[in-house]
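0 is the number of the first residue of the sequence shown in numbering that gives the first Met the number 0; add one for each residue after it.
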Amino acid sequence: MPEAIAQTYTRADEAFDCLQTAIVKGDLVPGEKIGEVELCSRFNLTRGPLREALGRLESRGLLVRRPHAGVKVVSVSADELMELYRIRETMEGLAARQAAERMTDQEIADLSSTLDSHERMIEQAQGQAYYQAEGDYDFHHRIATGSRNTKLAQMLLGDLYYMVRMYRYRLSTSSGRPHMALGEHRRIVEAIAQRDGELAEFLMKRHIHAARKNIEKKIQQGELTI
């Protein structure tokens, strides 16, 4: 019985990871209505693990369930997305400042190594994408936790984090943007390593501001549908 239970949880975790990645990468697009039968067929999943995965995705705010309308991938308006990025600009700037003050030398070294792995991934994608898995592999996640500010990290790594990830990947596919974003990340880490909180905050805010301006441009040019 314990083995069967472990196997069920493993399949549910796999279903969750599969669907979350599909949402983040845009294979399941914002506003798309999804059904269990279609998902089982499309992603080779079974009903039990799928239902558990859907519940977890709903709790993270990536899926919304409406009476008589079924389940849909969450979507936001262009104005709402801009507001999310303005919030990120301020909050992540503060996180970067406090990370410069509070991260250990080893944590900073590990963060730099993470960016090395990001660079290899970008090269493998021929410079066309910059996909970061959630958690410790995600640069922004590491900065938030490295701030040692519990309340700030809770706000940045709650629903805001998962929703923004949906759009971060889609924006990373812009020509030249992956290498540019990586360079911006490296300069932020350099400021953190120098324990220059003011510079780290400035660079992070500028980094996210640039991403927001990129979103606005893509929306205006019809390259990004919200």
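Glycine included, C-beta positions come from ideal geometry on N, C-alpha and C.
Look at the Cβ atom of residue i, then the Cβ atom of residue j, and state whether they are nearer than 8 Å.
i    : j    : result
L83  : V163 : yes
I22  : V72  : yes
M203 : E91  : yes
E51  : A11  : yes
R59  : D158 : yes
P29  : M165 : yes
H208 : I187 : no
L198 : A190 : yes
Identify the residues that DSSP records as bridge partners of residue i: which are they?
i   : result
K32 : K71
Out of the options, which has the shortest C-alpha to C-alpha gap to residue i?
i    : options               : result
K217 : D135, A77, E200       : A77
P66  : H140, P48, K32        : K32
D109 : E215, G30, R185       : R185
Q131 : S116, R211, A143      : S116
H178 : T89, M81, G126, E106  : G126
T149 : E200, Y168, A94, S111 : A94
Y168 : L198, I214, T144, L38 : I214
A180 : D137, L44, G196, L53  : D137
F42  : E200, Q19, I107       : Q19
Quick one: grab the DSSP three-state call for residue i.
i    : result
D26  : coil
Q19  : helix
E183 : helix
E51  : helix
Q193 : coil
G157 : coil
S58  : helix
Can you give, in chain order, each stretch of the alpha helix (DSSP H) that sits fully within the stretch 63 to 143 and has at least 4 residues?
-> If we require 4 residues or more, the alpha helix (DSSP H) runs fully inside the stretch 63 to 143 come out as 77 to 101, 104 to 123.
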